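Asks: For reference, the structure I am asking about is given below.
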Amino acid sequence: MATILAVDDSASMRQMVTFTLKGAGYDVIEAEDGQKALDKAKNRAVDLVLTDVNMPVMDGIELVKNLRTLPDYKFTPILMLTTESAGDKKVQGKNAGATGWLVKPFNPEQLLATIKKVMG
Amino acid sequence: MSVDLSQFHQVFFEESYEGLDVMESALLNIDISAIDDETINEIFRAAHSIKGGSGTFGFKEIAEFTHVVETLLDLIRSDQFEMKADHVDLFLKSVDCIRTMINQFEKGVSCDMEVAGELKAAFTVLLDGENETSSESNEADSKKSAQPNDSHSGAEGWQIYFKPELDILRTGNDPVRMFRELSELGELSVIAVTDDIPSISDIDPEACYMAWNLTLFGGATEEQVNEVFEWVVDDSELVITPLMLQSDTREEDLETSPNVGVVVSEHEATIIPETGENEEIAGKEVAEAKQTTTKKAVAKKEVKTESASIRVGTDKIDDLINMVGELVITQSMLSELGKEFSIENLPKLMEGLAQLSMHTRELQENVMRIRMLPISFAFSRFPRLVHDMSKNLNKKVELVLLGEQTELDKTVMERIGDPLVHLVRNSLDHGLELPEKRLALGKDEMGKITLNAFHQGGNIIIQIIDDGAGLNKEKILSKAKENGLVSASDHLSDDQINDLIFLPGFSTAEAVTDISGRGVGMDVVRRNIQELNGSVEVESKEGEGSVFTIRLPLTLAILDGQLINVGEQVYIFPLVSIVESIQTHDQMIHRVSGGCDVLRLRNEYIPIVKLWDVFNIKPKHETVEDGLLVIVEGDNIKIAVLVDDLLGQQQVVIKSIRENYRPVHGVSGATILGDGTVSLILDISGLIKLAGVGRDAYKKINDANDTEAA
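Order-wise, the sequence lines are chains A and B.
Heads up, the first sequence is in the working numbering, so the first residue is 76 and it goes up one at a time.
Heads up, the second sequence is in the working numbering, so the first residue is -17 and it goes up one at a time.
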């Protein structure tokens, strides 16, 4: 089954995302900031990255930039979780190499629909 | 699939409270004259997370309110709004407001929006004053634009020309995936346009040189088609035109599409949506997931009644699991030994038992560590408290927190909060002088209160240090005489005078202020701390400040005890209360009026309490000369307790007598010893009362002997 790396500094969001994705049969790895996510991504094959934007230590945009420099993550889908008010973040994220975004707040159904969109 | 979001609520509440604490302390640390980006970012991040979470988990009121707060923070962050001191207070009030809202949701009561409404209005004024288009209106715009501008849902299909940017693959977007998605909306025909593919020597293998002409048949709306290209539309050439006539559409539309001058080669492919097995499997999984969801939700509900949770680092849990593993190994080794035991295996048995005791001790220590939290949990409320209070009192105060990582039992932590608040309030109100007075005294205008925590022996020490006026000894003494707490002829040492402030019914506050002096005195502080098996003392120098020192046990469940025996009985003294143990000789014992024996030890007279007499049991030694005297201290009174013998020292687990039987004077609890017998743990304060050698008697003895000696 496909492995998804879920990155968010909020434990409740991580739990919700993980619970939803596992329920749909995906393997999920969690990380609470960009740096930890990057470390985990280096050590394991990940098929899709789902990351929050505003995080301490390393934010989502930096994470995307860093992931894209790794040969294994050149073409991996990376989705950002953004809020509607952060329109410029979408652009920044795209420029950094993000695949797309999911607008917060979202419900589990929307999350799965978006994941399906990239995972097929 | 439907997921019951309420299972995540508790975590959301907890992390939101933490976020609010972060916001609060960052706000209190803000230096208005030089706002540092990281601090604002930190505050913004916390607000942002709360907004995101509350939106996701359905707490609309919180999300809406936090959104306004976040919007202003965002403007400050991007230097579009200048933050002033008033705004800090507004943000602090918002923190309180969000906290209240979360609390109301947590308790399940309806949300009181009055304060939120007022604050929101204040924010709106600020935001409107800033002639920026607030992100709220941006949001409205984006919502509008997201709506379909023409609803061509009646169209027969769509003709789509799609030429992605060269870098599309490097963003993880794959055109094939989009086509697959489109194919789920209807029948799709795909024609590749390969005009722009350069010669082989110039090809970058990671770039996408292709363009496509797509024809989608069926009743998909334009919105649905747009959604497929949502992430790439900004960087691609995308033309979507409605398909009106079923016949000839392909040719016609191809011609109307841009950039299709000469079609060098065409590859046509039709993608049919996948159905069958995969979906069935997916369906099954979803159904299963649903089941587990409901199961978990039910379990959660059962536990929910007053579930005080504790957050424990995973390293602590890992240690525990590791240790239990060791214990199991030792246990299996011992039971192996026991199967066919012969005497030559004795060394092995001894070794196994030694291991067992080591692992048990480690396990005990680690289990106790689970309940330990850094004292920063108790300290965290003080920056705000001091901030608000110093404003109220017109004093300038710097608060220094030291040793915040010192760990303390959760229960002790919860119960030390109020006494600490009382002491800090006292220091601020009575200790620190007004700025003018401080300047006049040649002190720094800014007063300083330090909270310091550290471990010492098996105790945790918390100090509240201020550099204020110190205790006024004359005032304390005259007040104490006035209240009849000491007699006019008493000669008290400085420490003894300072200690008077902990007596019941003592308050020197000239006027009852809003902040302290509300009838709850230092005696309550001392009693609360003593209930935790702790003690509190004060040291003070007039004009230089005071130091309140609180000494607390690390945990309430386990006590370091000294075992003693009287006759057949074994009792336990808390080790902390023991001053010393001595063997006496005749010259040290004095008999005073009233038939009470006292011990003269280094110019101090200490009443002797015969334990066999108090508990009415038969001892080995009835007289002081034959037995041992254990000098213990409680409530600042020393007594010498006559016992038969000292046994070992050990940690004992306290079992409450009050809860299992009823309160017993002189006994604070019981424990079960290694041999299975029950032993009582002595309560020194209670013992003093029981033996009738309270403060009055103690004073009388020392007075009488003083005059005698004089």
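No residue lacks a Cβ here, since even glycine has one placed at the ideal position from N, Cα and C.
Note that the coordinates shown come from a computational prediction; the quantities given were computed from them, not determined experimentally.
Give every residue of the same chain whose Cβ lies closer than 6 angstroms to the Cβ of residue 252 of chain B, excluding the five residues on either side of it in the sequence, and list them in chain order.
Replies: With a pLDDT of 48 at residue 252 of chain B, under the threshold of 50, the modelled position of this residue cannot be trusted; read the value that follows with caution. Contacts found: 171.
Asks: Residue 142 of chain B and residue 198 of chain B look like a contact to me (Cβ under 8 angstroms); what is the Cβ gap, rounded to whole Å?
Replies: 7 angstroms
Asks: For the alpha helix (DSSP H) containing residue 161 of chain B, name the first residue and the last one.
Replies: 157 to 165
Asks: So, helix, strand or coil for residue 354 of chain B, using DSSP?
Replies: strand
Asks: May I ask you to report which of helix, strand or coil DSSP gives residue 266 of chain B?
Replies: Note that residue 266 of chain B scores a pLDDT of 48, beneath 50, so its modelled location is shaky and nothing firm can be said.
Asks: With a threshold of 8 angstroms between beta carbons, is residue 175 of chain A in contact with chain B?
Replies: yes
Asks: For residue 437 of chain B, list the residues DSSP reports as bridge partners.
Replies: B:442
Asks: Rounded to a whole number of angstroms, what is the C-alpha to C-alpha distance between residue 219 of chain B and residue 194 of chain A?
Replies: C-alpha separation (whole angstroms): 24 angstroms.
Asks: What are the boundary residues of the beta strand (DSSP E) that includes residue 76 of chain A?
Replies: Note, residue 76 of chain A: premise wrong, no beta strand (DSSP E); not H, not E.
Asks: 8 angstroms is my cut-off, CB to CB: does residue 84 of chain A come that close to chain B?
Replies: yes
Asks: Quick check on this structure: which residue in B:589, B:632, B:608, B:62 has the alpha carbon closest to the alpha carbon of residue 669 of chain B?
Replies: B:589
Asks: Roughly how many whole angstroms lie between the Cα atoms of residue 671 of chain B and residue 12 of chain B?
Replies: So the two alpha carbons sit approximately 53 angstroms from each other.
Asks: Can you check whether the C-beta of residue 237 of chain B is within less than 8 angstroms of a C-beta belonging to chain A?
Replies: Its pLDDT being 44, under 50, residue 237 of chain B is placed unreliably in this model, and the coordinates cannot settle the point.
Asks: Under DSSP, the beta strand (DSSP E) around residue 119 of chain A begins and ends at which residues?
Replies: Segment: none, residue 119 of chain A is in no beta strand (DSSP E) and carries neither H nor E.
Asks: When Cβ atoms are compared, which residues of the segment 27 to 49 of chain B fall closer than 9 angstroms to chain A?
Replies: So the close ones are 27, 30, 31, 32, 33, 34, 35, 36, 37, 38, 39, 40, 45, 49.
Asks: Just the Cα atoms here: how many angstroms apart are residue 80 of chain B and residue 30 of chain B?
Replies: 13 angstroms
Asks: Compare the Cα-Cα distances from residue 144 of chain A to each of B:153, B:583, B:302, B:339 and report the closest residue.
Replies: B:153
Asks: If you pair each beta-carbon of the segment 379 to 392 of chain B with each one of the segment 356 to 371 of chain B, do three or more pairs fall below 8 angstroms?
Replies: yes
Asks: Is the distance from the Cβ of residue 513 of chain B to the Cβ of residue 531 of chain B below 8 angstroms?
Replies: no
Asks: Please list the residues of the segment 138 to 156 of chain B that have a C-beta atom closer than 9 angstroms to any C-beta atom in chain A, keeping them in chain order.
Replies: 149, 151, 152, 153, 154, 155, 156
Asks: For residue -10 of chain B, decide whether its Cβ has a neighbour in chain A, counting only Cβ atoms nearer than 8 angstroms.
Replies: At a cut-off of 8 angstroms between beta-carbon atoms, residue -10 of chain B makes contact with chain A.
Asks: Within 8 angstroms of any Cβ in chain A, is that where the Cβ of residue 213 of chain B sits?
Replies: At least one chain A Cβ lies under 8 angstroms of residue 213 of chain B.
Asks: With a cut-off of 8 angstroms, does the C-beta of residue -13 of chain B fall near any C-beta of chain A?
Replies: yes
Asks: Between residue 159 of chain B and chain A, is there a C-beta pair that is closer than 8 angstroms?
Replies: yes
Asks: With DSSP collapsed to three states, give me the class of residue 99 of chain A.
Replies: coil
Asks: Considering only C-alpha positions, which residue in the set B:445, B:444, B:476 is nearest to residue 456 of chain B?
Replies: B:476
Asks: Let's test the definition: count the other Cβ atoms within 10 Å of the Cβ of residue 695 of chain B and tell me whether it reaches 16, buried, or not, exposed.
Replies: The first residue shown for chain B is -17 and the last is 692, placing residue 695 of chain B beyond what the model contains.
Asks: Can you check whether the CB of residue 563 of chain B is closer than 8 angstroms to the CB of residue 634 of chain B?
Replies: no
Asks: Between residue 73 of chain B and residue 39 of chain B, how many whole angstroms is the CB-CB distance? I'm expecting something under 8 angstroms.
Replies: With a Cβ gap of about 23 angstroms, residue 73 of chain B and residue 39 of chain B do not count as contacting.
Asks: If the cut is a Cβ gap below 7 angstroms, which residues of chain B does residue 119 of chain A touch?
Replies: Result: empty, since nearest Cβ-Cβ is about 17 angstroms, beyond 7 angstroms.
Asks: Please compile the residues from chain B whose C-beta is within a distance smaller than 7 angstroms of the C-beta of residue 152 of chain A.
Replies: 154
Asks: I think residue 37 of chain B touches residue 183 of chain A, with their Cβ atoms under 8 angstroms apart; what is that distance to the nearest whole Å?
Replies: In this structure residue 37 of chain B is not in contact with residue 183 of chain A, their Cβ atoms being roughly 14 angstroms apart against a cut-off of 8 angstroms.
Asks: Give the residues of chain B in contact with residue 141 of chain A, contact being defined as C-beta atoms less than 8 angstroms apart.
Replies: Contact of residue 141 of chain A with chain B by beta-carbon distance below 8 angstroms is absent, the smallest such distance being about 14 angstroms.
Asks: Looking only at its chain, what residues have a beta carbon closer than 7 angstroms to the beta carbon of residue 381 of chain B, apart from the 5 residues adjacent to it on each side?
Replies: 364, 365, 368, 431.
Asks: Just list the beta strand (DSSP E) runs in the segment 498 to 572 of chain B, keeping only unbroken ones of 3 residues or longer that don't cross its boundaries, in chain order.
Replies: 517 to 523, 527 to 535, 540 to 548, 551 to 556, 560 to 564
Asks: Looking at chain A, is there any beta carbon in it that lies within less than 8 angstroms of the beta carbon of residue -3 of chain B?
Replies: By this cut-off, residue -3 of chain B is an interface position.
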